[in-house]
Each structure stands twice: as C-alpha cells, then as structure tokens.
Amino acid sequence: MFWRKRKQSDFKAEVKAHLELEVERLKEQGLSEEDARAAARRAFGNVTRAEERFYESGRWLWLDHLAQDVRFGLRTLAKNPGFTAVAALTLALGIGATTAIFSVVNGVLLHALPYRDSSRLVVVQERLRKFSPNPIRVSAPDIGVIARGNRVFDGVAAFENKRLNISGVGEPERIVAARVSANLFPMLGAAPILGRT
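Numbering (the numbering used here), first residue to last: 198 to 394.
Here you go:
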C-alpha cells in the first residue's frame, strides 16, 4: 500500500512479455497462432491469480480490509440516518457512563486516601442481625472498651457524620460535618487548615 518493489503495470507487462515469448517459441515449433496462445496460457497458468498474488504481496492486507470495512460502515450509516442517530447516542451514553464509573473507581479504589498509612485504615461497626441488617453506631462507652482492650490496632478513634445548621452573618446554611474524638487527626496524620484539633 505504501511502497512496492514493482508497479502493477510493470508486472502485467512482464507477464505479457513472457506469454508472447512462449507464443513465439511454440509458433516456431509449428503450432498455429491460436494453438500457440492457448498452449502458452496453459503452460503459464492462471494469469489473473498471478496478478492477485503480486498485488497481495506488495500490500498490508489487514489495512486494506480495515479501510474497506470503514468505508462500508460509513456508507451503511449514511443510508440509515435514524439508525445512525440511535447508534451515536448509544455510543455517547456508553462512553459517558464508562468514563463516570471509571472516575469514581479511580478516585475511590485505585488512588490511596490522603492520610498516613491509608491502606491500613479500617472501620469497626456493630450489627444486631436479629433486628436490622444495617450497621448501628458504636456507643462512646463501647469505643472506650475497644480502645482499652486493643491489641490489634495502632490506634482507635471515633467519628460520626452529622448534618448541622450553621448561622452567623446572613442566612443559616445546612452543612455536612463530623463529630470526632480528639485523637482522630493525630492518628490520620492530618492537621487542620485553621485552628487546632
């Protein structure tokens, strides 16, 4: 496709020259023009197949097939604009959903949390299976028991997510906050941007 040793026309001229030479030789042996041409063709074999083999030897066939498939696909899509619109919309939604899911997975699962030894952080929860399959909050006395009897963890800290109202100057605002034990920030190796822990 991008380079060839010989041009197709050169190859055809060469085949024709070989056939003419063979015809001349057979005519010298006493055959008629028509019989000599038929015998030369039989001796040479399938000329079209030889030209096809030459064509294939000088090209990257997979690239030719890909180009043919792309052209065929574009012609088919141009003939059916309704199908094309549905196909394009489906592809756009699929690519968008895949990108969104990967962004979440990449941020949550693949990248480490921005804390010291984040791969070693665990959350301890309590469950009362008879009453509810959902975890319940661990009470402050239980956290004290876990911390005193701890022989597994480097440290034990508590946190509780809350929704609070903050007011002051202007309109009150609903915020998401966390109530944490005093040792949570040192355990995570984190310092507050403002104030103290």
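A virtual CB, placed ideally from N, CA and C, is assigned to each residue, including glycine.
Annotation: the continuous beta strand (DSSP E) that includes Ala375 extends over 370-377. Ser300 and Val353 have their C-alpha atoms roughly 31 Å apart. One alpha carbon belongs to Ala289, the other to Thr281, and they sit about 12 Å apart. Counting along the chain, the unbroken alpha helix (DSSP H) around Arg345 starts and ends at 337-345. With respect to the C-alpha of Glu370, the residue from Asn362, Arg334, Ala210 having the closest C-alpha is Asn362. By the C-beta density criterion, Ala210 is exposed, having fewer than 16 other C-beta atoms within 10 angstroms. Within the stretch 202-267, the alpha helix (DSSP H) runs of at least 4 residues that lie entirely inside it are, in chain order, 205-225, 230-241, 244-254.
Taking the Cα positions, Asp207 is about 11 Å away from Glu248. Annotation: the stretch 272-319 contains the following complete segments of the alpha helix (DSSP H) (minimum length 4 residues), in chain order: 278-302.
Asn358 is bridged by DSSP to Ala375.
For Glu219 against Ala237, the beta-carbon gap comes to about 4 Å, under 8 Å, which counts as contact. Counting only the Cα atoms, Gly304 lies some 30 Å from Ile340.
The residue among Glu217, Asn380, Leu258, Gly293 with its C-alpha nearest the C-alpha of Phe356 is Asn380.
Pro332 carries a strand assignment under DSSP once its states are collapsed to helix, strand and coil. CA-to-CA, the gap between Pro338 and Ile298 works out to about 40 Å.
For the 7 Å CB-CB criterion, Leu385 and Tyr312 form a contact.
Between Ala344 and Lys359, the C-beta gap is not smaller than 7 Å, which leaves the two residues out of contact. For Pro383, the enclosing alpha helix (DSSP H) has its first and last residue at 381-385.
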